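Enquirer: 117 is the number that our numbering gives to position 107 of the sequence shown; each next residue is one higher, with no gaps.
Glycine included, C-beta positions come from ideal geometry on N, C-alpha and C.
Remember, predicted model here, so these are calculated numbers, not experimental data.
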Amino acid sequence: MEENKEKCIGKLIHSRIPIEWMRYNMYIEDDRYRNIPMLVFRVQDSCPENIIDSLKKCVDAFKGNLNWKMFKDPLSRKGNYLITISELEVLHRECCAGRVQYNQIDFWGAEKYKKYCDDAIQDIPMLEKHIEETL
Numbered sequence: 011m012e013e014n015k016e017k018c019i020g021k022l023i024h025s026r027i028p029i030e031w032m033r034y035n036m037y038i039e040d041d042r043y044r045n046i047p048m049l050v051f052r053v054q055d056s057c058p059e060n061i062i063d064s065l066k067k068c069v070d071a072f073k074g075n076l077n078w079k080m081f082k083d084p085l086s087r088k089g090n091y092l093i094t095i096s097e098l099e100v101l102h103r104e105c106c107a108g109r110v111q112y113n114q115i116d117f118w119g120a121e122k123y124k125k126y127c128d129d130a131i132q133d134i135p136m137l138e139k140h141i142e143e144t145l
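(1) Put Met-36 into one of helix, strand or coil per three-state DSSP.
(2) Out of Ile-23, Arg-42, Lys-124, Leu-76, which has the shortest C-alpha to C-alpha gap to Ile-62?
(3) Compute the beta-carbon to beta-carbon distance between Cys-106 and Leu-85, rounded to the nearest angstrom, for a pair I have assumed lies under 8 angstroms.
(4) From the DSSP output, which residues share a beta bridge with Arg-52?
(5) Between the alpha carbons of Gln-114 and Leu-49, how many angstroms are there, rounded?
(6) Would you call the CB atoms of Leu-76 and Asp-40 closer than 7 angstroms?
(7) Here's the rule I'm using: 16 or more other beta-carbon atoms within 10 Å means buried, otherwise exposed. How should Lys-79 be labelled?
(8) Is Met-11 helix, strand or coil when you go by DSSP?
(9) Where in the segment 44-128 do unbroken runs of the alpha helix (DSSP H), each at least 4 residues long, occur, reported from the N-terminal end onward?
Written out as structure tokens, the structure is:
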């Protein structure tokens, strides 16, 4: 298994985009089912909008085991972006609208949740390669 797979996309994006803050780990290897993998970051105010648009188009176009999305977290007060599976964007929207509590396992059920975690972790190296070649 590749070393630091959980940080590879964060490191790549940080090398190409002016980042104000980032949680590099998309997941925790020793606790794979803690959360569905996601990269959370905030760009510097000086970051050109076209770079963010290019990254979003790149991520949204990726097709692995799952579809991936980049979106502004509606639950964030500071304008953080998320890169994660498209299903998680639905949960964020539903939670923001007050229709559900934010609980990934309750929302999808334990079996589907674990499959999302496993498939997303498997996708990460391919998504990294896609971003590296496209951005």
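Expert: So, from the data block:
(1) coil
(2) Ile-23
(3) 6 angstroms
(4) Trp-31
(5) 16 angstroms
(6) no
(7) buried
(8) In this prediction, Met-11 has a pLDDT of 39, which is less than 50 and means its spatial position is unreliable; nothing more can be read from the coordinates.
(9) 59-71, 96-106, 114-118
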